[in-house]
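For the sequence shown, position 244 matches number 244 in the numbering used here, and the numbering has no gaps at all.
Glycine residues also receive a C-beta, built at the ideal position from the N, C-alpha and C atoms.
Keep in mind the model is a prediction, meaning the values are calculated, not measured.
A quick write-up on the structure given underneath.
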Amino acid sequence: MNQSVIKALKLLNYFTVETPELTLKQIANKADIPKPTAYRLLSALESSDFLYKTKENEHDSRYRLGLKLLELGQIVSDQLEIRTIALPYMEELAQEINEAIHLVISSQDEATYIEKVDSSRALRLYTRIGKSSPLYVGSGPKMLLANMPRERQEEILSDSELYRLGDHTPIDKQQLMKQLETIYQDGYAYSIGEQDADTTGISYPIYDSRGQVIAALAVSGLSSHFEGDNLKLLKNKTKQSAQTISRQLGYRGSDL
1 MNQSVIKALK LLNYFTVETP ELTLKQIANK ADIPKPTAYR LLSALESSDF
51 LYKTKENEHD SRYRLGLKLL ELGQIVSDQL EIRTIALPYM EELAQEINEA
101 IHLVISSQDE ATYIEKVDSS RALRLYTRIG KSSPLYVGSG PKMLLANMPR
151 ERQEEILSDS ELYRLGDHTP IDKQQLMKQL ETIYQDGYAY SIGEQDADTT
201 GISYPIYDSR GQVIAALAVS GLSSHFEGDN LKLLKNKTKQ SAQTISRQLG
251 YRGSDL
């Protein structure tokens, strides 16, 4: 990471409940850096709304934490809440179907896996918590992308070329957009071999109290398990679990 970014972010640690407001001189002294350097770093934080200036004169300036931190803190809080609420139902679902269960959210134009429950099968899918992937690869990421506004979808897919993860073959954007529309209309996403060879994934949306899709509940396993009557069972069980988690998050919409 850029050293200037690290230095700037470290300055935020000097703000506490006891000292919510600090002067330029105080921050420079705490960080043991010259005032001009401190001013440059603080100005960068201020321009990004991480700080705001409460007072400025020719001798000194005063700063407080900005609203951007409140916004980011709320995002983290929501993620912690959904993980805590979803995990027991993910564990219950895993016991019923014995496949890998993932909880996926969108973060910075990517899909991030924030919770998982493994199956007890000898051959497992090893997806680490915190893993990120493109929003156009896999059932969970595609479920999230399909529920975004069209303008946002086009912004995320604006790269000149999109490639599959496995064989790095190009993805047709028009076909992808049609697929996203189908996912939105059907209310679930289905993918085969997009993240790992010979695997299939099914995902259903998780709604918050405002009716927004904030996560995808994804079930993944060997493609041979996702056939016939067992496929119907997997879809029904996953949908029911996603609906239950949504209700626990306060959703009362007509989609349940």
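For Ala264, the residue or residues it bridges with in DSSP:
The requested residue 264 is not part of the displayed model; the chain covers only 1 to 256.
I need the straight-line Cα distance from Ser133 to Glu110, nearest angstrom please.
About 6 Å.
Length-filtered (4 minimum) alpha helix (DSSP H) runs lying within the segment 116-197
139-146, 150-156, 173-186
With DSSP as the reference, label Glu99 as helix, strand or coil.
coil
Between which residues of its own chain and Ile27 is the CB-CB distance below 8 Å, once the five residues before and five after are set aside?
Leu11, Tyr14, Ala38, Leu42, Tyr63.
Have a look at Val137, Gly73, Lys116 and flag the residue whose alpha-carbon is nearest the alpha-carbon of Tyr163.
Val137
My output table needs one value for Pro36: the three-state DSSP class, helix, strand or coil.
helix
Which of helix, strand or coil does DSSP assign to Glu71?
In this structure, DSSP gives Glu71 a helical state, which the three-state scheme calls helix.
Sorted by chain position, which residues of the same chain lie with C-beta nearer than 7 Å to Tyr89's C-beta, five sequence neighbours on each side aside?
Ser241, Thr244, Ile245
Can you round the beta-carbon distance between Leu249 and Asp208 to whole angstroms, since I take them to be within the 8 Å contact cut?
About 5 Å separates the two Cβ atoms, so the contact holds.
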